[in-house]
Amino acid sequence: MRSVTDLNGVVSTVAASDPVIGAKVTTQAVGGKAIPQSFGSGKIVDLDTDQRRVTQLIGVRISIVLSETAWLTGTLRVCNLRDFYTDSVAGGDPSGVFQSVLQDLKWNGDLSSSKYLMTLKAIADQNGGQVSIKLILDNYQVVSDDPDVRLHGRVLGVIGPYTFGEPSQFVTERRMIKTYCSPPSLLGDLTDMFWHAPCKVDSQRQKLILDLGNSVQWQAPGGASQSDWMWGAILPTDEDYMAGRREPVILGIPPGSTPPPTLTNGNPVDTSLAGYETSGRIVEIALSASELSLLSNRRLGLLPPVFVPGPTDNDPPVVTKQVPKSPWPVLAEQHDGKFADVDSWVLRLNPGSPVRSRSTLGNSANHSRASG
Numbered sequence: 032m033r034s035v036t037d038l039n040g041v042v043s044t045v046a047a048s049d050p051v052i053g054a055k056v057t058t059q060a061v062g063g064k065a066i067p068q069s070f071g072s073g074k075i076v077d078l079d080t081d082q083r084r085v086t087q088l089i090g091v092r093i094s095i096v097l098s099e100t101a102w103l104t105g106t107l108r109v110c111n112l113r114d115f116y117t118d119s120v121a122g123g124d125p126s127g128v129f130q131s132v133l134q135d136l137k138w139n140g141d142l143s144s145s146k147y148l149m150t151l152k153a154i155a156d157q158n159g160g161q162v163s164i165k166l167i168l169d170n171y172q173v174v175s176d177d178p179d180v181r182l183h184g185r186v187l188g189v190i191g192p193y194t195f196g197e198p199s200q201f202v203t204e205r206r207m208i209k210t211y212c213s214p215p216s217l218l219g220d221l222t223d224m225f226w227h228a229p230c231k232v233d234s235q236r237q238k239l240i241l242d243l244g245n246s247v248q249w250q251a252p253g254g255a256s257q258s259d260w261m262w263g264a265i266l267p268t269d270e271d272y273m274a275g276r277r278e279p280v281i282l283g284i285p286p287g288s289t290p291p292p293t294l295t296n297g298n299p300v301d302t303s304l305a306g307y308e309t310s311g312r313i314v315e316i317a318l319s320a321s322e323l324s325l326l327s328n329r330r331l332g333l334l335p336p337v338f339v340p341g342p343t344d345n346d347p348p349v350v351t352k353q354v355p356k357s358p359w360p361v362l363a364e365q366h367d368g369k370f371a372d373v374d375s376w377v378l379r380l381n382p383g384s385p386v387r388s389r390s391t392l393g394n395s396a397n398h399s400r401a402s403g
């Protein structure tokens with residue numbers, strides 16, 4: 032475990048703040064002695080070897096180990112590969128996400144020294160005994176013809192509270208999608224550098240929460256991010272665009288005001304490698320009362336950072352924290368604020384056995400949902 036984030040959004044990275052930081056995270060096969068050890072820890076299952084984006088994880092058990100006598104362990108509910116990003120690394124290496132819940136939780140031994148685990152347990156006990164988990168798989172590479180060492184890659188996981196009744200495999204609140212627009216940039220075409228991202232507005236805390244873990248391209252496998260910063264903004268309405276009013280409202284900068292040297296609301300958000308390894312690129316932006324009101328019926332977008340020329344002609348462009356002036360977002364909500372998703376869109380059908388799938392239609396304009 033690299034870090035913990037409390038309910039107020041404060042991130043801690045040192046074990047002195049919570050002993051769960053530095054704790055070992057392991058997987059073990061479900062079924063104990065019923066499954067031979069040689070089968071490994073859980074299985075990746077493809078229903079179609081030609082259409083591999085329907086991959087499922089089955090039989091995975093995940094444990095957070097504080098000590099030889101204190102740990103949390105749970106079974107990953109079967110989940111599907113999502114948000115398959117073919118250009119996660121410049122040059123075309125893919126990434127993807129498995130999001131689900133851990134169930135059948137066992138809180139073994141004395142965990143009271145970890146405020147994070149005790150808080151997580153208290154919330155889980157009120158929500159069906161489950162916690163949410165997201166796994167991001169990237170840096171996938173074929174490194175050898177030897178099947179025992181053939182594949183290398185990286186897995187980053189995030190574990191947090193789950194609210195009973197919500198879909199387990201996607202965030203129902205809001206979602207930004209790739210716009211396929213490329214604002215003018217010294218880097219050239221930015222179209223492939225960004226990917227879809229879930230987000231939500233926490234009205235009680237007046238915070239915008241963004242999950243950008245699988246949304247920004249890497250320069251190379253295991254390398255730096257293509258963009259260390261992104262700017263949260265409220266986008267103009269279609270009527271504003273038609274009338275020539277195309278400037279977005281940069282969060283933290285009131286319209287018509289002079290941008291301060293440094294914003295303190297969390298904007299621009301950190302999408303660097305360090306931010307990824309610390310918090311999985313789950314970031315927050317504090318909202319003013321007027322911004323909170325605007326986001327109740329306006330679209331959210333993310334603007335790319337401003338790049339400036341490098342020190343010499345042979346150096347690559349340098350990313351800055353200059354406030355962008357381009358009206359073109361690289362990620363944005365749909366124009367009507369709606370999106371539809373299915374909680375489990377890979378179904379195993381056996382003769383005579385019914386299968387149910389839950390779907391949710393989200394509308395960020397009025398925060399309504401339709402489920403079926």
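Mapping to our numbering: the sequence shown position 1 is 32, numbers consecutive.
Ideal Cβ placement from N, Cα and C applies to all residues, glycine included.
Computed from a predicted structure; not experimentally measured.
Asked                                                                                                                      : Found
Between the CA atoms of alanine 228 and glycine 311 - distance to the nearest angstrom                                     : 13 Å
With 16 other Cβ atoms within 10 Å as the buried cut-off, status of leucine 331                                            : buried
Spatial neighbours of proline 299 in its chain, beta-carbon cut-off 7 Å, leaving aside the 5 residues before and after     : Trp260, Met261, Trp262, Pro336 and Lys352
Beta-carbon proximity of valine 35 to valine 51, cut-off 8 Å                                                               : yes
Host beta strand (DSSP E) of serine 119 (start-end)                                                                        : 110-120
Continuous alpha helix (DSSP H) assignments of at least 4 residues falling wholly in the segment 269-319                   : 269-273 and 304-310
Bridge partners - leucine 133, DSSP secondary structure assignment                                                         : Leu107 and Val162
Test item: CB-CB of valine 202 and aspartate 242 under 8 Å                                                                 : yes
Cβ pair arginine 329, threonine 289 closer than 8 Å                                                                        : no
Straight-line Cα distance separating threonine 117 from isoleucine 89                                                      : 23 Å
Through-space distance from asparagine 158 to isoleucine 164, alpha-carbon basis                                           : 14 Å
Run of the alpha helix (DSSP H) containing isoleucine 52, from where it starts to where it stops                           : Neither: isoleucine 52 is in no alpha helix (DSSP H) and is coded neither H nor E.
Per-residue burial, aspartate 374 [other beta carbons within 10 Å of its own, 16 or more giving buried]                    : buried
Own chain partners of phenylalanine 115 with C-beta closer than 7 Å, once the 5 adjacent residues on each side are dropped : Arg84, Pro125 and Gly127
Buried or exposed by the 16-neighbour rule on C-beta atoms within 10 Å, applied to arginine 24                             : With the chain covering 32 to 403 only, the question about residue 24 has no answer from this structure.
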